[in-house]
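Trainee:
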Amino acid sequence: MTPVLLNTQVLVYLLSESVLWVLLAIAFGVSVHILWRWDFGSTSEEQYALERRAYLVMTIILAAFVLKFLLLPFFVFTIDRLSDLVPGAMCAAGVISANGYGLPLLFLKLLILFGLLLWMAINHYDLEAKTYPWFRLKMGLFAFLFVLVSIELWMDWAYFFHFDLSRPVSCCSALFGQLEGANPLPFGLDIPKLLLLFYLLYLLIVVAALAHQSWLELAGYGLFVFVAYYAVVYFFGTYVYELPTHKCPFCMMQRPYHYVGYLIWGSLFGGVFLGLIAALLRLGLGVDTRRMERIGLGLVSLFVLVCTLYVGVYYLRNGVLL
Amino acid sequence: MNPIIEIRNLNRHFDSGEERFHALKEIDLTVERGECVILRGISGSGKTTLLSIIAGLDHPSSGEIRVEGEAIAKLPDRHLSRFRGRHIGMIFQHYNLMEELSVRENVAVPLIPMAQNMRQVTRRVEEAMERANIAHKADQKAARLSGGEKQRVAIARALATDPEIILCDEPTANLDRANARRFLEILSRLHEMGKTILIATHDPIFEELPFEARVVEMENGAIVDGRSSEE
Chain B
328 MTPVLLNTQV LVYLLSESVL WVLLAIAFGV SVHILWRWDF GSTSEEQYAL ERRAYLVMTI
388 ILAAFVLKFL LLPFFVFTID RLSDLVPGAM CAAGVISANG YGLPLLFLKL LILFGLLLWM
448 AINHYDLEAK TYPWFRLKMG LFAFLFVLVS IELWMDWAYF FHFDLSRPVS CCSALFGQLE
508 GANPLPFGLD IPKLLLLFYL LYLLIVVAAL AHQSWLELAG YGLFVFVAYY AVVYFFGTYV
568 YELPTHKCPF CMMQRPYHYV GYLIWGSLFG GVFLGLIAAL LRLGLGVDTR RMERIGLGLV
628 SLFVLVCTLY VGVYYLRNGV LL
Chain S
643 MNPIIEIRNL NRHFDSGEER FHALKEIDLT VERGECVILR GISGSGKTTL LSIIAGLDHP
703 SSGEIRVEGE AIAKLPDRHL SRFRGRHIGM IFQHYNLMEE LSVRENVAVP LIPMAQNMRQ
763 VTRRVEEAME RANIAHKADQ KAARLSGGEK QRVAIARALA TDPEIILCDE PTANLDRANA
823 RRFLEILSRL HEMGKTILIA THDPIFEELP FEARVVEMEN GAIVDGRSSE E
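Chains B and S, in that order, are what the protein sequence lines are.
First residue of the first sequence? That's 328 in the numbering used here, and the numbers climb one at a time after it.
First residue of the second sequence? That's 643 in the numbering used here, and the numbers climb one at a time after it.
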């Protein structure tokens, strides 16, 4: 057994994920039974019992999802701490690529995060509507998410179980620009074009959100998250580290950088996901999602502001750009 | 005909191990807007359970109940609370006041979740206290009031949100005759205001109601008779 599994944070993380999975598995079993027998028009004893049980199950799922939501930053924090154990790793970037499970697991976690927020939003509108109009939809989504969460749990265990501490990782060789000459940016973009695209897409999101243009919002947010990732790693991040060769998405989540990475990535993914969900639900369910839209836009604006401030403050302090 | 409460085939049972106690059996009841209905029966006949279900404080085991056209048995909790706040005023046998609060504060309690401004709250509280004849004790703590006065605070609290339906559960059980008669006078005023009133009681003083009321006899959780109080 790898000694990584005896690390306190890893143990807490894996046990928390496992306990939540058990809770969700129970909720899944009950949900299948409820879905099978559900007939909202009926006033029978069985239907009333199902409605009360459904309310209870929704509460359990919601609580478990909120906890899973909190476990994502804890996962990042945990793998960052493991960089002390993994040879060659200076932060979570090295640890996440220590074996083949790490990166797919991180992407799966982001996908699940999007699913959790989508489920929470549908649940909110379903309970607001008095007659559970989207009960089957949200239970179907829950079933899909439960499958993803089950895969995630298996990958969590596999990831931490397959750590080979005798094999050094080489995160920094890539992050510190040893691949000079090869442009890492997509579509042949350079930094000025990337930044222009970054701010133009932000402007597009603001206009689309203010005009409640759902399709435009979907396109804007979808492109923005992609461009913003590269903008943070290859431009704004260098101002966080105050080092033009340091291009790491994870180090900014460490103490020397005041854990600002949690704010940057949290506001980016939180804002984009909420913006996408607001647009999706308006298109799909026809509900009023203006509040969620405003929160999403607010978070994305916070993300843009924080990124821009790092550049601005650096320039004001030093009189030059990196 | 303008029904405000419609109940069809309503049942409520409580399970205890393998035993099942039927608190309400196949209840059918329609109450018209502005009507006064007296649910009469001995203790354990199901009166309070029925009032609790109408108030949305309890759920039926089966059957349909519509209050103000809303199928309240199917409302999620958050809607049920809002529904109660808007449509139902309840007067309990033991008043259920907060003893450490003043009369004014007790009456203001149901207005808190309605997020009104202070001026509106003050106006509504003053009006409710006037209607229940308790305005002169506005700043006195509930703990220092007599039984009759507490009852009037409970009435004022029930009226504060200006609900269409007033539910009274054994309202005169802890009152002497004089106070019970005063309660009937207040009920009479509420009736004149067009409120729909349901009273669960076995107190014969309600035979003296100065207006027409329908008496619904309950026994072992079922309605056994329904007639006008003047019959």
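Quick reminder that beta carbons are idealized off the backbone N, C-alpha and C, glycines included.
1. Strictly under 8 angstroms for the Cβ-Cβ distance: is A715/S near chain B by that measure?
2. Could you tell me whether any Cβ in chain B is nearer than 8 angstroms to the Cβ of H721/S?
3. Counting along the chain, where does the beta strand (DSSP E) carrying L332/B start and finish?
4. Beta-carbon of P852/S versus every beta-carbon of chain B: anything under 8 angstroms?
5. Check the Cβ-Cβ distances between T370/B and every residue of chain D, and say whether any is below 8 angstroms.
6. Taking only three categories from DSSP, how would you classify C578/B?
7. Can you list the residues of chain S that K574/B reaches, using a CB-CB cut of under 9 angstroms?
8. Just checking: is the beta-carbon of K436/B within a distance shorter than 8 angstroms of some beta-carbon in chain S?
9. Do you know how far the Cα of Y548/B is from the Cα of G646/B?
10. Please report how far the alpha carbon of G613/B lies from the alpha carbon of N644/S, in whole angstroms.
11. Cβ closer than 8 angstroms: which chain B residues qualify as neighbours of E661/S?
12. Specify the secondary structure class of F596/B as computed by DSSP and reduced to three states.
13. Please compile the residues from chain S whose C-beta is within a distance smaller than 8 angstroms of the C-beta of L454/B.
14. Note down, one range per segment and in chain order, each beta strand (DSSP E) of at least 3 residues found wholly within the stretch 730-813 of chain S.
15. Which word fits G602/B, buried or exposed, when buried means at least 16 other C-beta atoms lie within 10 angstroms of its C-beta?
16. For F355/B, which residues in the same chain have their Cβ closer than 8 angstroms to its Cβ, ignoring the five residues on either side in sequence?
17. Under 8 angstroms, Cβ to Cβ, is there at least one residue of chain S near K465/B?
18. In terms of residue numbering, what span does the alpha helix (DSSP H) encompassing H585/B cover?
19. Going straight from the alpha carbon of V709/S to that of V673/S, what length do you get?
20. Taking beta-carbon pairs under 8 angstroms, can you tell me which members of the stretch 627-644 of chain B lie near chain S?
21. Less than 6 angstroms between C-beta atoms, sequence neighbours within five positions excluded: which residues of the same chain meet that for A796/S?
22. Along chain S, which residues have their Cβ under 7 angstroms away from the Cβ of E620/B?
23. Could you tell me whether the Cβ of E706/S comes closer than 8 angstroms to any Cβ of chain B?
24. Would you list the residues sitting across from D867/S in a DSSP beta bridge?
25. Just tell me which of L438/B, V339/B, I406/B, K436/B has its CA closest to the CA of I423/B.
26. Rounded to whole angstroms, what's the CA-CA distance from W726/B to E772/S? Just pull it up for me.
27. Start and end of the beta strand (DSSP E) containing E661/S?
28. Per DSSP, what are the beta-bridge partners of T843/S in this structure?
29. Taking 6 angstroms as the limit between beta carbons, can you name the residues of its chain near F577/B, skipping five residues before and five after?
30. Apart from the five residues just before and just after Y561/B, which ones in its own chain have a Cβ nearer than 6 angstroms to its Cβ?
31. Tell me which residue opens and which closes the alpha helix (DSSP H) that L437/B is part of.
32. Helix, strand or coil: which one does DSSP assign to F656/S?
33. Can you give the Cα-Cα distance for P513/B and F401/B, rounded to whole angstroms?
34. Among V413/B, L398/B, L351/B, Q374/B, whose alpha-carbon lies nearest the alpha-carbon of N334/B?
35. Would you report the Cα separation of H585/B and M579/B, rounded to the nearest angstrom?
36. Between which residues of its own chain and F487/B is the CB-CB distance below 7 angstroms, once the five residues before and five after are set aside?
Mentor: Taking the coordinates as given:
1. The residue given as residue 715/S occupies position 73 in the second sequence. Answer yes: the Cβ-Cβ gap between A715/S and chain B drops below 8 angstroms somewhere.
2. Here residue 721/S corresponds to residue number 79 of the second sequence, with the count starting at 1. Yes, H721/S counts as interfacial toward chain B.
3. For the purposes of this step, residue 332/B is taken as the residue at position 5 of the first sequence. Unbroken run through L332/B: none, as it is neither H nor E.
4. If you number the second sequence from 1, residue 852/S lands on position 210. For P852/S, the answer is no, since every Cβ of chain B falls outside 8 angstroms of its Cβ.
5. The displayed structure is made up of protein chains B and S, and chain D is not among them.
6. For the purposes of this step, residue 578/B is taken as the residue at position 251 of the first sequence. Of the three classes helix, strand and coil, the one that applies to C578/B here is helix, per DSSP.
7. By 1-based counting over the first sequence, the position of residue 574/B is 247. Here the premise fails: no neighbours, minimum Cβ distance about 48 angstroms.
8. Along the first sequence, one-based indexing puts residue 436/B at 109. For K436/B, the answer is no, since every Cβ of chain S falls outside 8 angstroms of its Cβ.
9. Residue numbering aside, residue 646/B sits at position 319 when the first sequence is read from its first letter. Residue numbering aside, residue 548/B sits at position 221 when the first sequence is read from its first letter. Rounded to the nearest angstrom, the gap between the Cα atoms of G646/B and Y548/B is 33 angstroms.
10. Locating residue 613/B in the first sequence gives position 286, counting from the first residue. Locating residue 644/S in the second sequence gives position 2, counting from the first residue. The straight-line gap from Cα to Cα measures roughly 34 angstroms.
11. Position 19 of the second sequence, counting from 1, holds the residue named residue 661/S. Correct list: empty, because the minimum Cβ distance to chain B is about 16 angstroms.
12. In the first sequence, counting from the first residue as 1, residue 596/B sits at position 269. Here F596/B sits in helix by DSSP.
13. As a working note, residue 454/B is residue 127 in the first sequence. The answer, in chain order, is P718, R720.
14. 730-733, 807-811
15. Indexing the first sequence from 1 puts residue 602/B at position 275. By the neighbour-count rule (16 or more Cβ atoms within 10 Å), G602/B is buried.
16. As a first step, residue 355/B must be located in the first sequence, where it is residue number 28. Same-chain partners within the cutoff: F469, A470, F473.
17. As a first step, residue 465/B must be located in the first sequence, where it is residue number 138. It does not: the Cβ of K465/B has no partner Cβ on chain S nearer than 8 angstroms.
18. The sequence position of residue 585/B within the first sequence is 258, counting from 1. Per DSSP, H585/B belongs to no alpha helix (DSSP H) and is neither H nor E.
19. For the purposes of this step, residue 709/S is taken as the residue at position 67 of the second sequence. For the purposes of this step, residue 673/S is taken as the residue at position 31 of the second sequence. Going by the C-alpha atoms only, they are around 9 angstroms apart.
20. Here the close residues number zero.
21. Reading the second sequence from its first residue, position 154 is the one you call residue 796/S. I733, Y737, listed in sequence order.
22. To locate residue 620/B, count along the first sequence from 1; it is residue 293. Simply none; closest approach about 22 angstroms.
23. On the second sequence, position 64 is the one that residue 706/S refers to. Chain B contact via Cβ: present.
24. Position 225 of the second sequence, counted from the first residue, corresponds to residue 867/S. Here D867/S is bridged, per DSSP, to E859/S.
25. By 1-based counting over the first sequence, the position of residue 423/B is 96. Here the closest residue by C-alpha is I406/B.
26. This structure cannot settle anything about residue 726/B, because the visible part of chain B is limited to 328 through 649.
27. Taking the first residue of the second sequence as 1, we reach residue 661/S at position 19. Its beta strand (DSSP E) spans residues 661-674.
28. Within the second sequence, residue 843/S is the residue found at index 201, counting from 1. Residue pairing from DSSP places T843/S in a beta bridge opposite R682/S.
29. Translated into the one-based positions of the first sequence, residue 577/B becomes position 250. C418, A419, A420.
30. Counting from 1 along the first sequence, the entry for residue 561/B is found at position 234. Counting only Cβ-Cβ distances below 6 angstroms, and skipping sequence neighbours, we find K574.
31. Residue mapping note: residue 437/B aligns to position 110 of the first sequence, counting from 1. Note, L437/B: alpha helix (DSSP H), 429-455.
32. Within the second sequence, the letter at position 14 stands for residue 656/S. Correct three-state label for F656/S: strand.
33. For the purposes of this step, residue 513/B is taken as residue 186 along the first sequence, with counting starting at 1. For the purposes of this step, residue 401/B is taken as residue 74 along the first sequence, with counting starting at 1. One C-alpha to the other measures close to 30 angstroms.
34. Indexing the first sequence from 1 puts residue 334/B at position 7. If we check each option's Cα against that of N334/B, V413/B comes out closest.
35. Position 258 of the first sequence holds residue 585/B. Position 252 of the first sequence holds residue 579/B. If I take the Cα positions, the gap works out to 8 angstroms.
36. What you label residue 487/B is simply residue 160 of the first sequence in a count that begins at 1. Correct list, in chain order: V331, L332, V337, L341.
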